[in-house]
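Have a look at the structure below before the remarks.
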Amino acid sequence: MRNPICNLCPRSQAANKNNICVYGNALPSSIRDIMIIVDKVSSATDGTGRLLDGQSGNVLRKLLESVNLLNRVYITTAVKCFASHEPKAAEIKVCRQYLLDEINEVKPKLIICLGATAATALIGKHIPFKNLRQRFIKTNTGIPVALTYSHNSIFTNPNIFAQVERDLHWIINNYKKELEAFDWTIKVNEVASKSNIYGLDVETTGINIFIERVLTAAISNPNTKEAFGYNISHKGT
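Following this line, the structure appears as structure tokens:
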């Protein structure tokens, strides 16, 4: 998955001719249910095509190992070619379709963006991502997305390592619940979009459905006879 003849921006002229438009990779044994998006191709990656090579790659490897993620991730970059300067808005924009194609091909269940460049590439505009750490956001991909600092920022501020580590722990501890919520939303949309009339049945711990804890819920489309049920196993109202 790469376009070795890409010439959409000047980065393709500065990159190693064997590694123009570098797509992501994973360890051979990886489950690949989680996609990590980093900001750019490092100089080491430009030479080998592997994203865990070099100083930057070693830091990323240590972070992923510290939270037991290394064998679960597919790692890719927001900007697909190496250049010595920081990614510019135009470069992020021209690589965005490559990134979206890659997401469609890999089909991850969760996406984690490391840094503002990665977040901008995925979302399509700059956002103040510092305020969005340790939470999930929705994008047009339909996949839960979480944000934290770039692993490259650790070189200028070593304290960032612990912060990214905490963020990754939080993301992994909470993403299963988030997947359940996304799954519920997707299924409701699938059924409800086919009709302007649908049925909803809710089972709770008591008679008053507005104050009791919900146990199960079911939604149906009377026109297509489609229905699905949802078992709510976690506590909540």
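Per our numbering, the sequence shown starts with residue 2, numbered consecutively.
Think of the CB as a built atom: it goes at the ideal place given N, C-alpha and C, for glycine as much as any other residue.
Note that the structure is predicted; figures quoted are calculated from it, not measured.
Pull the bridge partners of residue i from the DSSP assignment, please.
i: ASN26; result: ILE76
i: ILE113; result: ILE37, ALA147
i: ASP202; result: ALA219
i: PHE137; result: ALA147
Expressed to the nearest angstrom, what Euclidean distance is found between the alpha-carbon atoms of residue i and residue j?
i: CYS82; j: ALA90; result: 14 Å
i: ILE138; j: LEU70; result: 21 Å
i: SER151; j: CYS7; result: 26 Å
i: THR49; j: THR205; result: 57 Å
i: ASN20; j: THR140; result: 29 Å
i: ASN175; j: LEU123; result: 21 Å
i: GLN135; j: THR121; result: 17 Å
i: ILE76; j: CYS22; result: 14 Å
i: ILE220; j: THR142; result: 24 Å
i: ILE104; j: LYS126; result: 18 Å
i: GLU92; j: ILE113; result: 20 Å
i: ASP168; j: LEU111; result: 14 Å
i: LEU101; j: ILE144; result: 12 Å
i: ASN160; j: GLY200; result: 52 Å
i: ARG12; j: ASN158; result: 27 Å
i: ALA15; j: PRO129; result: 30 Å
i: THR78; j: VAL42; result: 6 Å
i: ILE155; j: ALA84; result: 20 Å
i: ARG97; j: TRP171; result: 27 Å
i: GLU87; j: LYS178; result: 36 Å
i: ALA45; j: TYR24; result: 14 Å
i: LYS164; j: TYR99; result: Looking at the sequence itself, residue 164 is Gln, so the reference to Lys does not match. If I take the Cα positions, the gap works out to 30 Å.
Could you check what DSSP says for residue i in three-state terms: helix, strand or coil?
i: THR142; result: coil
i: GLY55; result: helix
i: PHE162; result: helix
i: PHE83; result: coil
i: CYS96; result: helix
i: GLY48; result: helix
i: ARG62; result: helix
i: VAL107; result: helix
i: ILE21; result: coil
i: ARG3; result: coil
i: LYS89; result: coil
i: HIS170; result: helix
i: LEU71; result: helix
i: HIS127; result: coil
i: SER31; result: coil
i: ASN8; result: coil
i: THR157; result: coil
i: SER13; result: helix
Return yes when the C-beta of residue i is under 7 Å from any heavy atom of the ligand MG, and no when it is not.
i: ASP34; result: Ligands are entirely absent from the displayed structure, and the ligand MG is therefore not among its contents.
Below 8 Å on the Cβ atoms is my contact criterion, and I expect residue i with residue j to pass it. Report the Cβ-Cβ distance as a whole number of Å.
i: ASN72; j: SER30; result: 6 Å
i: LEU53; j: LEU64; result: No, LEU53 and LEU64 are not in contact; Cβ-Cβ is about 11 Å, not under 8 Å.
i: SER239; j: ASN132; result: Summary: the structure shown does not reach residue 239, with the chain confined to residues 2 through 238, and so no result is reported for it.
i: THR118; j: ASP202; result: Not confirmed; about 46 Å, so no contact.
i: VAL74; j: ILE35; result: 5 Å
i: VAL146; j: LEU9; result: With 8 Å as the limit, VAL146 and LEU9 do not qualify as a contact, their Cβ atoms being about 25 Å apart.
i: ASN26; j: ASP47; result: Their Cβ separation, rounded to whole angstroms, is 14 Å, which puts ASN26 and ASP47 out of contact at 8 Å.
i: LEU148; j: ILE37; result: LEU148 to ILE37, Cβ: 12 Å. No contact.
i: ARG51; j: VAL107; result: Actually they do not touch by this definition, with Cβ atoms about 17 Å apart.
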